[in-house]
Structure formats: structure tokens, C-alpha cells
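Read in order, the letters of the sequence shown are residues 3 to 169 in this note's numbering.
Ideal Cβ placement from N, Cα and C applies to all residues, glycine included.
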Amino acid sequence: MPADFVIAAERPDGPDVVALLARLDAYLASLYAPEDNHILSVDELLAPAVRFFVARIDGAAVGCGAARRMPGEPATDGVAYGEVKRMMVDPAHRGRRIGAHLLAAIEAGLRDDGIALALLETGRDQHEALRLYERAGYTRRGAFGGYPDNGLSVFLHKRLYDGRQRR
């Protein structure tokens, strides 16, 4: 990881992290109607099944992302998965691969938990996010987790390891 930023697992309820999440919420609200935003609240991010990561530069939160461990369901053929949620890098700090490093930290946490499958839902109008995920090896798939297939969401997945042994 580059020396100019640090990524670590943290609580999502620190003041600067809450402010970062509020900026993400405002951005998403500018793109989609409230019923089309599938946002986990700070309280939901505090759940034991969630790992939350923060990227910091000189102590300031500049990015975040989470993984929520989920049980298998019909859309995953019964395979448990980790859902990537709340990815955000402050626009002033984009282009430094912070998002790629956050995503790698999330994936490593899922592998550590024995989760071999990462899934996510993002919006079709979030072009930067789609590029990030596709560059990281995520491919398109059908809806999962009860999300509506409304034409606004893009569903992606990535196999983190083969399921027989951890990498």
C-alpha cells in the first residue's frame, strides 16, 4: 500500500467517518430516488456481521468500505457470501488507487472469514465504481439479496478463492 494513506478496520461511527458517509448519501440521493438507494445506516454497519474499513491520509478519513457476511440464498445456490457495501473515496483523493486498496482489504477480510464469494449491488450511473469493480475482477450477475432488478442496479460478483482452500 502506498505510504501516503493507511487502511484499517474501524468503527463506522466516528465523526469524520459519519461525515464521509453523509457525503456518499448525498451523492447517491443526487442520482437515485430514495427507494432506489440500498444504504446501510451507521447502526447497521455496527452489526457483528459487518467489517468496516477506513482509508486515512494524515489522520483524516478519505475513503471507506464495508463487507457484510450473508448466509446462502437461492440466488447464490445456497453459498454464503460477503456483500460489499458503502464504498466511497472522497473525490479530492481519487486517482490514487485508494478505492482499489479498500476493496482489496475488504476481500482479504472476507477470505479471512472463510467467505469465498463477494457480491455487490451498485447503480448503473456510478461509472467510476463500475470501472473499479470490473478492474478488480468483478463480473455481472443476476439480482440477489432481495434487491429489485429495476434497471437502475448493476449486480456483480467475484470468486475470492475456489471454496476448497483459502488463498
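Report all residues from its chain with a CB closer than 6 angstroms to the CB of residue i; omit the five preceding and five following residues, and keep chain order.
i: Ala-145; result: Asp-151, Phe-157
i: Val-64; result: Ala-57, Asp-92, His-95
i: Pro-73; result: Ala-82
Using CA atoms only, rank isn't needed, just tell me which of the options is closest to residue i.
i: Gly-16; options: Val-44, Ala-35, Asp-27; result: Val-44
i: Pro-84; options: Ala-120, Gly-125, Ile-41, Ala-31; result: Before going on, a small fix: residue 84 reads as Gly here, not Pro. It is Ala-120 whose Cα lies nearest to the Cα of Gly-84.
i: Ala-28; options: Thr-78, Ala-11, Met-90, Gly-67; result: Met-90
i: Leu-122; options: Arg-99, Ser-155, Leu-104, Leu-23; result: Ser-155
i: Gly-148; options: Ala-24, Phe-54, Glu-12, Ala-77; result: Ala-77
i: Gly-230; options: Glu-136, Ala-31, Asp-18; result: Any property of residue 230 remains undetermined from this structure, which presents the chain solely from 3 to 169.
i: His-129; options: Leu-30, Pro-14, Pro-36, Leu-22; result: Leu-30
i: Asp-127; options: Leu-33, Gly-97, Gly-139; result: Leu-33
i: Ala-14; options: Glu-46, Asn-39, Ala-35; result: Note on identity: in this sequence residue 14 is Pro, with Ala being the wrong assignment. Residue Glu-46 is the option with its Cα nearest to Pro-14.
i: Leu-22; options: Cys-66, Asn-39, Leu-48, Ala-35; result: Cys-66
Skipping 5 residues on each side, what residues in its chain have a beta carbon closer than 7 angstroms to that of residue i?
i: Asp-6; result: Ile-59
i: Val-20; result: Val-44
i: Arg-143; result: Phe-157, Leu-158, His-159
What residues in its chain sit with their C-beta under 8 angstroms from that of residue i, if we drop five residues either side in the sequence?
i: Gln-167; result: Its pLDDT being 48, under 50, Gln-167 is placed unreliably in this model, and the value from its coordinates should be taken loosely. If we look at Gln-167 and ignore the five residues flanking it on each side, it has no Cβ neighbours.
i: Leu-42; result: Val-52, Ala-68, Arg-70, Lys-87, Arg-88
Between residue i and residue j, which are expected to be in contact by the criterion C-beta below 8 angstroms, what is the C-beta distance as a whole number of angstroms?
i: Ala-110; j: Arg-161; result: The Cβ separation is near 15 angstroms, so there is no contact.
i: Ala-11; j: Phe-55; result: 6 angstroms
i: Ile-9; j: Leu-104; result: 6 angstroms
How far does the beta strand (DSSP E) with residue i in it extend, from its first residue to its last?
i: Ala-131; result: Element bounds for Ala-131: not the beta strand (DSSP E) but the alpha helix (DSSP H), 129-137.
i: Leu-30; result: Unbroken run through Leu-30 is the alpha helix (DSSP H), 17-33; no beta strand (DSSP E).
i: Phe-157; result: 155-161
i: Ala-10; result: 8-11
Residue i CB to nearest chain D CB: under 8 angstroms?
i: Asn-152; result: Although the question refers to chain D, the structure presented lacks it and comprises just one protein chain.
Q | Sequence ranges, beta strand (DSSP E) only - wholly within the stretch 40-69, length at least 3 | A | 52-59
**Q.** Every unbroken beta strand (DSSP E) within the stretch 79-122, with a cutoff of 3 residues, ordered by chain
**A.** As far as the stretch 79-122 is concerned, its whole beta strand (DSSP E) runs of at least 3 residues are 83-91.
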